[in-house]
Amino acid sequence: ALNSASFNLGRLIGPAAAGLVIAWFGIAPALYANAATFVFVLVALLRLDTKLLTPSPRARGKGQIRAGLRYVKGRPDLVLIMALVFVLGTFGMNFQVTMALMATEVFDKGPGEYGLLGSIMAIGSLAAALLSARRARPRLRVLLAALVGFTLSTALLSTAANYVLFAIFLVPTGLSALTALTTANAMVQVSVDPVMRGRVMALYMAIFMGGTPFGAPMIGWIGDVWGPRWTIAIGTIAVGLSLVAVALWFARGQNVAVTIQTRRHPRLRIQLASSVPTTPEVTK
Numbered sequence: 435a436l437n438s439a440s441f442n443l444g445r446l447i448g449p450a451a452a453g454l455v456i457a458w459f460g461i462a463p464a465l466y467a468n469a470a471t472f473v474f475v476l477v478a479l480l481r482l483d484t485k486l487l488t489p490s491p492r493a494r495g496k497g498q499i500r501a502g503l504r505y506v507k508g509r510p511d512l513v514l515i516m517a518l519v520f521v522l523g524t525f526g527m528n529f530q531v532t533m534a535l536m537a538t539e540v541f542d543k544g545p546g547e548y549g550l551l552g553s554i555m556a557i558g559s560l561a562a563a564l565l566s567a568r569r570a571r572p573r574l575r576v577l578l579a580a581l582v583g584f585t586l587s588t589a590l591l592s593t594a595a596n597y598v599l600f601a602i603f604l605v606p607t608g609l610s611a612l613t614a615l616t617t618a619n620a621m622v623q624v625s626v627d628p629v630m631r632g633r634v635m636a637l638y639m640a641i642f643m644g645g646t647p648f649g650a651p652m653i654g655w656i657g658d659v660w661g662p663r664w665t666i667a668i669g670t671i672a673v674g675l676s677l678v679a680v681a682l683w684f685a686r687g688q689n690v691a692v693t694i695q696t697r698r699h700p701r702l703r704i705q706l707a708s709s710v711p712t713t714p715e716v717t718k
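First residue of the sequence shown: 435, per the numbering used here; consecutive thereafter.
As structure tokens, this is what we get:
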């Protein structure tokens, strides 16, 4: 959870810091500062003690990618999580574009105010990172609740009347977005067989990060044709429709067990019949 939180938190804080640096010092220093950060990454990698790494079995031979795809296809829980992450990453996580458009074109603000928006959003993201570290295990209900929260908060964002309200609504947006991403990432990692984890996570990251090149041009086109507010609203609609699709799938009752525990602390439990990992077929 902390690994996923640090990755996604940096993804949200980076544009905010860049906006502030550009406002104070200009564009060139922002690029130099970005290049300098990679020095710290390289130093950290070189200082890793490989003797402390936990060895894991490696699958060798041909057909490993196909085996990974078959494994995911046979796991409805993984398919569901990756589909939700694809929708969120493609249509909902374009804040570098949407916040810049809202700050400059709707509220008539400059780079400094844009950077401040990112910093405010990072408050919610940081809270999500701390909360994710407190949870003993990732749960599907947390992921779905976070996506519901994201839908509601982005709906408020897209209709915010002024800059102050927009900034306030960014806090729950950052909280729900990072909660959804860290929960989804952790669910995938802990639920797969160790020998398949590398291939499954590679597919997960390809789906999450690969959706952005498809979504960004569409978001830009929507901003040009319908206006900046619709660049956020399209994410609201897409994530909302995906939740409706999940609800309809649950309503069919296939491979889904929904129980409500009414003991000391009432809880909603959602479990997919195929959520228990099975030993994959590995090509030798």
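Just so you know, even glycine gets a beta-carbon here, dropped at the ideal spot from N, CA and C. On a predicted model such as this, the values are computed, not experimentally measured, just so you know.
Let me make sure I understand the geometry here. Which of the options has the alpha-carbon closest to that of residue i?
| i | options | result |
| --- | --- | --- |
| GLY608 | ILE656, GLY645, ILE557 | ILE557 |
| ALA640 | VAL455, MET536, THR524, PRO628 | THR524 |
| LEU512 | ARG500, VAL622, GLY669, GLY632 | VAL622 |
| ARG633 | ARG500, GLY453, GLY508, THR484 | ARG500 |
| ALA570 | THR484, VAL624, ARG509, SER440 | VAL624 |
| THR471 | ALA451, GLY654, ALA679, PRO572 | ALA451 |
| ALA562 | VAL605, MET635, VAL598, PRO463 | VAL605 |
The alpha helix (DSSP H) with residue i in it runs from where to where?
| i | result |
| --- | --- |
| VAL506 | 498-507 |
| GLY608 | 597-625 |
| MET527 | Counting along the chain, MET527 falls outside any alpha helix (DSSP H), and DSSP gives it neither H nor E. |
| LEU551 | 545-568 |
| ALA580 | 574-592 |
| ASP511 | 510-521 |
| THR484 | No alpha helix (DSSP H) contains THR484, which DSSP labels as neither H nor E. |
| GLY632 | 631-660 |
Since I believe residue j is in contact with residue i (beta carbons under 8 Å), could you give me their beta-carbon distance rounded to a whole number of angstroms?
| i | j | result |
| --- | --- | --- |
| VAL549 | ALA457 | The question names Val, but residue 549 is Gly in the sequence shown. Rounded, the Cβ-Cβ distance is 6 Å, consistent with contact. |
| MET527 | ALA611 | 7 Å |
| GLY460 | THR588 | Rounded, the Cβ-Cβ distance is 32 Å, inconsistent with contact. |
| MET555 | PHE584 | That belief does not hold up - the Cβ atoms of MET555 and PHE584 are roughly 12 Å apart, past 8 Å. |
Validate contact between the segment 668-677 and the segment 517-528 using beta carbons, cut 8 Å, 3 pairs: yes
Segment contact, 8 Å Cβ cut-off, at least three pairs: the segment 564-583 with the segment 612-627: yes
Three CB pairs or more closer than 8 Å across the segment 637-647 and the segment 593-600: no
Segment contact, 8 Å Cβ cut-off, at least three pairs: the segment 529-542 with the segment 650-663: yes
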